[in-house]
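Okay, structure first, notes after.
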Amino acid sequence: MPAADYVKNAGASDLFERQSSQIVLQSTTDPKVKSFANMMISAHAKSTADVKAAAARSKVRVAPPVLTPAQRDMIAKLRAQTGTARDTTYIQQQKTAHDQALALQQSYASDGKSAPLKAVAAKIVPVVQDHIRMLATM
Numbered sequence: 013m014p015a016a017d018y019v020k021n022a023g024a025s026d027l028f029e030r031q032s033s034q035i036v037l038q039s040t041t042d043p044k045v046k047s048f049a050n051m052m053i054s055a056h057a058k059s060t061a062d063v064k065a066a067a068a069r070s071k072v073r074v075a076p077p078v079l080t081p082a083q084r085d086m087i088a089k090l091r092a093q094t095g096t097a098r099d100t101t102y103i104q105q106q107k108t109a110h111d112q113a114l115a116l117q118q119s120y121a122s123d124g125k126s127a128p129l130k131a132v133a134a135k136i137v138p139v140v141q142d143h144i145r146m147l148a149t150m
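And the structure:
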């Protein structure tokens, strides 16, 4: 995968994580969901910053992240729901998004061409794995 595609996909992934977490925080009363969503906002802001810095070192242009059509659909579905249904949808979406993020990070960490971006992807892999483990308990 070209470095620019990795940066674009990682940016979209992080943007989805942050936006969906902000939406669920508007309504959830579940302390576990609230804690996880706050952690997602923080963790994905950090991974975005790390990828941007590595991209700059690699001379890869970083455009503002844009959600994919599938991510936009998931956001719309999340916004349309309320209460515990929103919490349930959020957790399901997070599981899907984190599986996709893990595949992206692992793929670039092993096969990427940019050394700084490969290093960042390798650093992000265990963080995403931790999030997946947390989601398994929710």
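Each position in the sequence shown, counted from 1, maps to that position plus 12 in the working numbering.
Glycine included, C-beta positions come from ideal geometry on N, C-alpha and C.
* Within this structure, are the beta carbons of residue 117 and residue 143 separated by less than 9 Å? -> no
* Can you tell me whether residue 50 is buried or exposed, with buried defined as 16 or more other CB within 10 angstroms of its CB? -> exposed
* Return the chain-ordered list of same chain residues with a C-beta closer than 6 Å to the C-beta of residue 25, the five sequence neighbours on each side being excluded. => 113
* Through-space distance from residue 27 to residue 124, alpha-carbon basis -> 22 Å
* Asked: Taking the alpha-carbon positions, what's the residue 147 to residue 47 distance?
  -> Going from the Cα of residue 147 to the Cα of residue 47 covers about 12 Å.
* To do: Put residue 86 into one of helix, strand or coil per three-state DSSP.
  => helix
* Reference residue 14, options 122, 56, 58, closest by Cα -> 122
* Asked: What is the residue span of the alpha helix (DSSP H) that residue 130 lies within?
  -> 127-148
* Asked: From this set, 37, 69, 97, 41, which residue's C-alpha is nearest residue 126's C-alpha?
  -> Ranking 37, 69, 97, 41 by CA distance to the CA of residue 126 puts 69 first.
* Asked: Which word fits residue 31, buried or exposed, when buried means at least 16 other C-beta atoms lie within 10 angstroms of its C-beta?
  -> buried
* To do: Could you say if the segment 53-60 and the segment 80-100 meet the contact criterion of at least three C-beta pairs nearer than 8 Å?
  => No, they do not touch.
* With C-beta atoms as the reference, is residue 19 less than 9 Å away from residue 74? -> yes
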